[in-house]
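In my numbering, each residue carries its 1-based index in the sequence shown increased by 1. Everything on this sheet refers to the single structure shown next.
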Amino acid sequence: MLSAKRTVMGVPGVNVPGLPTAPPVAQAPAAPVPHPIDPLANVPSSKRTMLGVAAPGGLQVGDQFVPAPGISHAAAPDGRLPIPGPSVPAPPKVEVSATAFQVADPSIRVPTTAAGAFGAPAAGAVSRHAPTAKVDPSISDSFTSIPPVKSRTGMVVAIIIGLLAAAGVAIVLVFRDDIFGEEEATTSRKPRVGDAGVAVPAAADGAVVAVAAAADAAVAPPPVVHEPPKIEVVLDYSGDGAKVELVFGAIEFTTPGREVRLAAGPLAGTPDAVLTPGKRAALRDFLPAGTEPAPGAVKIPLDVTFGDGVVERTTIELPVPVLFAAALVPDAPAPAVRIAFRLAGEGRTLEVAGTPVDVQADGAATYEQAVEGLRGREGIWAEAGDRVELSLPFVVRDGAGVVAEGKAGVAVPVVPLRVDFPASGSLTTDEAIWVRGETAAGAALTLDGAAVTVGEAGAFAIEVPLAAGTERTLALAATAPGALGRSASLAVRRVTPRELSQAADEWAAGVTERLGYADFAGAADSFRGRKVDLLGRITSVPSARDGVSSFVLYVDTASGCGASEVCAVMVHAPSAQALAERDEVRVLGEIVGRERTTSERFPELAAVRAVYVVPR
Numbered sequence: 002m003l004s005a006k007r008t009v010m011g012v013p014g015v016n017v018p019g020l021p022t023a024p025p026v027a028q029a030p031a032a033p034v035p036h037p038i039d040p041l042a043n044v045p046s047s048k049r050t051m052l053g054v055a056a057p058g059g060l061q062v063g064d065q066f067v068p069a070p071g072i073s074h075a076a077a078p079d080g081r082l083p084i085p086g087p088s089v090p091a092p093p094k095v096e097v098s099a100t101a102f103q104v105a106d107p108s109i110r111v112p113t114t115a116a117g118a119f120g121a122p123a124a125g126a127v128s129r130h131a132p133t134a135k136v137d138p139s140i141s142d143s144f145t146s147i148p149p150v151k152s153r154t155g156m157v158v159a160i161i162i163g164l165l166a167a168a169g170v171a172i173v174l175v176f177r178d179d180i181f182g183e184e185e186a187t188t189s190r191k192p193r194v195g196d197a198g199v200a201v202p203a204a205a206d207g208a209v210v211a212v213a214a215a216a217d218a219a220v221a222p223p224p225v226v227h228e229p230p231k232i233e234v235v236l237d238y239s240g241d242g243a244k245v246e247l248v249f250g251a252i253e254f255t256t257p258g259r260e261v262r263l264a265a266g267p268l269a270g271t272p273d274a275v276l277t278p279g280k281r282a283a284l285r286d287f288l289p290a291g292t293e294p295a296p297g298a299v300k301i302p303l304d305v306t307f308g309d310g311v312v313e314r315t316t317i318e319l320p321v322p323v324l325f326a327a328a329l330v331p332d333a334p335a336p337a338v339r340i341a342f343r344l345a346g347e348g349r350t351l352e353v354a355g356t357p358v359d360v361q362a363d364g365a366a367t368y369e370q371a372v373e374g375l376r377g378r379e380g381i382w383a384e385a386g387d388r389v390e391l392s393l394p395f396v397v398r399d400g401a402g403v404v405a406e407g408k409a410g411v412a413v414p415v416v417p418l419r420v421d422f423p424a425s426g427s428l429t430t431d432e433a434i435w436v437r438g439e440t441a442a443g444a445a446l447t448l449d450g451a452a453v454t455v456g457e458a459g460a461f462a463i464e465v466p467l468a469a470g471t472e473r474t475l476a477l478a479a480t481a482p483g484a485l486g487r488s489a490s491l492a493v494r495r496v497t498p499r500e501l502s503q504a505a506d507e508w509a510a511g512v513t514e515r516l517g518y519a520d521f522a523g524a525a526d527s528f529r530g531r532k533v534d535l536l537g538r539i540t541s542v543p544s545a546r547d548g549v550s551s552f553v554l555y556v557d558t559a560s561g562c563g564a565s566e567v568c569a570v571m572v573h574a575p576s577a578q579a580l581a582e583r584d585e586v587r588v589l590g591e592i593v594g595r596e597r598t599t600s601e602r603f604p605e606l607a608a609v610r611a612v613y614v615v616p617r
């Protein structure tokens, strides 16, 4: 069978990926060879040219045979090559079909069973690969052709053109990515020499195949080397030292990367395992099970996803130069803090809260300090309700400088102490006042140095006499084992009833607008901050907490209440004046809005914060 790669010019093509295959040659007006044998089968490749192949009795172009005038082509006895016959004046008329051939003149013998490039046809059948020819019966001789000697000049030219075409093919192979595009050249490439399972061809086309193999090797990408990213990570020393945390910072990829994930600890395998700046993880998460943290180093396994989708496991090693444990000294007569340090390496120094601490040969060091000795120190002492938060800075150094620093934190409990009555700075007309409040059960309480009895729940109440016309300052102190003591101080002034009324009148003189109950009760929130002067009667037992006495006041008609109405307001009075239910009083103060109460009759009332409560 003829090669499908021979081009229009007749050159046997090399199987080059990406180059189009020429379409079949259009039918020539001259008659084809009426023979099923491939005329190129025995012709060496050096004789093939782009213009055709010189053959006995004519010229072979592709799969068309052009006979030379004057030569007859009767079949040879062996059926392989045509036998020249006598010359005829003109070529015969030939009709060609695509599937079989027939000769009109029965005198012309065409062998149909001879073996050839098309293969032997079945018995009694006509080869479907041979062109069909119908010869004009007026022609008595065989077909004519040009003698081979007359086509040598054309063959030389054809050889030169063929060499140029081969050079062009080699150029196309080398620059195929630039011509066709890298993706198309890659996806459409056919198997070639160098690929697995492809044999090396012999003979003339080997040079071109070698060029193609060299081109493939030239464009092969180098192997990708994934460099682990640079990750910032530090140890956060805080609290009592039981939970040292790793804090991750910036992540810098040398090889393009997508993300880094923790490969150990409770976060591994979860969406929270992705590292981002500020990410925290406990040091214990990266220790073997049952292992306690120790100075030295810790290995942190990480899974790194690179830009090409490859996931690789890497491990970073983080030095742990120091560990500590902070706590209060047990059974100490006064609260004291103790911090036990363990340092890694020799020749290192330790400083806590500005104080040098001796380091033993094995790296152990202990800092101990009474809590009262730290009272009020900025950055170290912070009161927070029922406790004091201590934050003690420490620094570890070696010969090169600082190797670790942090803050050891200790919470120190404080004895609770609350004074409900009287209010500090208040006035009273009473000869004595009751100091009432609450502390911790079992705490020791003193008032001006004298012991005060504390109840089982921590409540206390003590009567204190007041001298007329004098101000007395009361000092209370509460202490308890294992806790910081707490103290409170308040001043109370005893005045006469007349002095109290005069003070109230002076305050009322500054009120520019007199508001009655009916003016503000229904919209008390809109009158916040406005001053009022009300007359009324206490209708509930006053309750006191944190120096403020609270009670319900029924407002008199003289202060804007209707004759048939019940007008009630809630009063909160920071006072030292002893008050009782049914007392007639004058209340001077500011409106603070409306508030809910526990009374079923008055679930919500207008409220007033009193400056003075004057008995009438």
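From the three backbone atoms N, C-alpha and C, an ideal C-beta is built for every residue, glycine too. Source: prediction; values computed, not measured.
- Secondary structure note for Leu351: its beta strand (DSSP E) is the uninterrupted segment Thr350 to Val353.
- In the three-state scheme derived from DSSP, where H, G and I count as helix and E and B as strand, Arg285 is classed as helix.
- Scanning Ser427, Thr271 and Glu507 for the CA closest to the CA of Thr471 turns up Ser427.
- Residues of the same chain with a CB within less than 7 Å of the CB of Ala283, apart from the 5 flanking positions on each side, are Lys244 and Glu246 in chain order.
- A straight-line Cα-Cα distance of about 42 Å links Arg259 and Glu352.
- Per the DSSP secondary-structure output, Thr271 pairs with nothing in a beta bridge.
- Looking from the CA of Tyr518, the closest CA among Phe528, Val158, Thr154 and Ala510 belongs to Phe528.
- By the criterion of a C-beta distance shorter than 8 Å, Val553 is surrounded in its chain by Ile539, Thr540, Ser541, Ala569, Val570, Met571, Val572, Thr598, Ser600, Phe603 and Leu606, once the five residues flanking it on both sides are discounted.
- Taking the CA atoms as reference points, Arg285 sits about 12 Å from Leu324.
- Of the other Cβ atoms in all chains shown, fewer than 16 fall within 10 Å of the Cβ of Ala581; this residue is therefore exposed.
- Spanning the alpha carbons of Ala509 and Pro616 requires a straight line of approximately 16 Å.
- Under the 8 Å Cβ criterion, the segment 443-461 counts as touching the segment 479-487, having at least three qualifying pairs.
- Per the coordinates, the alpha-carbon of Val411 lies some 10 Å from the alpha-carbon of Ile381.
- When the alpha-carbon of Ala525 is set against those of Gly594, Arg437, Ala298 and Leu319, the nearest one is in Gly594.
- For Met571, the beta-bridge partners assigned by DSSP are Val553 and Ala608.
- For Glu500, the uninterrupted alpha helix (DSSP H) segment begins and ends at Pro498 to Ala509.
- Using a Cβ distance threshold of 9 Å, Val493 and Arg473 count as a contacting pair.
- Not a single unbroken stretch of the alpha helix (DSSP H) spanning 4 or more residues falls wholly within the segment 293-357.
- In this structure, Val321 lies away from Thr350, with their beta-carbon atoms at least 9 Å apart.
- Residue pairing from DSSP places Thr367 in a beta bridge opposite Ala341.
- Membership of Ala462 in the beta strand (DSSP E) is indicated by the continuous run Ala460 to Pro466.
- Ranking Pro289, Val586, Leu491 and Asp421 by CA distance to the CA of Leu475 puts Leu491 first.
- Rounded to the nearest whole angstrom, the CA to CA distance from Ile317 to Val416 is 48 Å.
- At least 9 Å separates the beta-carbon of Pro466 from that of Ser576.
- With a 10 Å radius around the Cβ and a threshold of 16 neighbouring Cβ atoms, Gln361 comes out exposed.
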